[in-house]
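Trainee:
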Amino acid sequence: PPPPDAPSVSVYTGTSRPRPYHLKHPPPQSRALPRLKSPYPPIILFSLLGISLWALFITYVTNQEKMSSSVVKGIVKELRGDSGLSLRQSLGDAIRMQGEWWLNGDPWVRGNISTMQGNIDLSFRVRGTKGAGTVYFTSIRRDKGLPFEILRFKVISDDGKVI
């Protein structure tokens with residue numbers, strides 16, 4: 001059966017009344033916004049770090065190319081060969097390229113090898129059982145098709161003796 005009384009209807013003309021939450025927590029007062037930090041210092045830092053790592057990598061790879069070139073291998077073979085008798089007297093046996101700690105034991109080859117342009121000028125450290133020294137090698141090719149001419153091939157030991 002239907003209810004005997006009609007339900008009461010309320011009509012609101014305005015907004016709803018504030019809830020207790022809003023009464024206890026009024027909206028924050030307007031205040032000045034904080035200053036934003038500049039984005040440039042981290043960008044500059046990471047850019048410098050990236051460029052430094054790139055330069056170190058290029059230097060390392062270039063040194064690896066010089067070490068694996070046929071010119072350096074030929075020089076080391078010549079030093080170990082029979083022609084290095086006075087070298088063996090000064091540096092001892094087992095002559096090899098001396099590694100550097102900052103290259104994780106790989107030797108550092110200074111100078112350049114430009115066979116296409118016709119000039120080779122390099123130096124590197126060698127070590128034997130008795131001592132160590134520095135190898136200096138310079139060679140040029142005067143014209144296309146001509147063989148390379150050795151201008152300088154000497155070893156200066158750490159005690160100053162030129163071999």
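Read the sequence shown against full-length UniProt numbering and you will find it ends at 163, with the numbers running on by one and no gaps.
Built from N, CA and C at the ideal position, the CB exists for glycine as well.
Measuring only the C-alpha atoms, how far is Arg-96 from Lys-37?
Mentor: If you take the alpha carbons of Arg-96 and Lys-37, they lie about 55 Å apart.
Trainee: Name the DSSP bridge partner or partners of Ser-8?
Mentor: Per DSSP, none; premise fails for Ser-8.
Trainee: Using the three-state DSSP reduction, which class does Arg-96 fall into: helix, strand or coil?
Mentor: Three-state result, Arg-96: strand.
Trainee: What would DSSP say about Val-162, mapped onto helix, strand or coil?
Mentor: Strand, per DSSP.
Trainee: Is the beta carbon of Gln-98 closer than 8 Å to that of Val-126?
Mentor: In this structure, Gln-98 lies closer than 8 Å to Val-126 by Cβ.
Trainee: Measuring CB atoms only, is the region 38-53 touching the region 102-120, in the sense that at least three cross pairs come out at less than 8 Å?
Mentor: Result no; under three Cβ-Cβ pairs closer than 8 Å.
Trainee: For a test of the three-state rule: what should DSSP assign to Ala-132, helix, strand or coil?
Mentor: Looking at Ala-132 - three-state DSSP - the assignment turns out to be strand.
Trainee: Flag this pair as yes or no: are the beta carbons of Ile-106 and Gly-133 separated by less than 8 Å?
Mentor: The question names Ile, but residue 106 is Asp in the sequence shown. In this structure, Gly-133 does not lie closer than 8 Å to Asp-106 by Cβ.
Trainee: In the DSSP assignment, find the unbroken beta strand (DSSP E) run with Asn-112 in it and report its ends.
Mentor: Its beta strand (DSSP E) spans residues 110-114.
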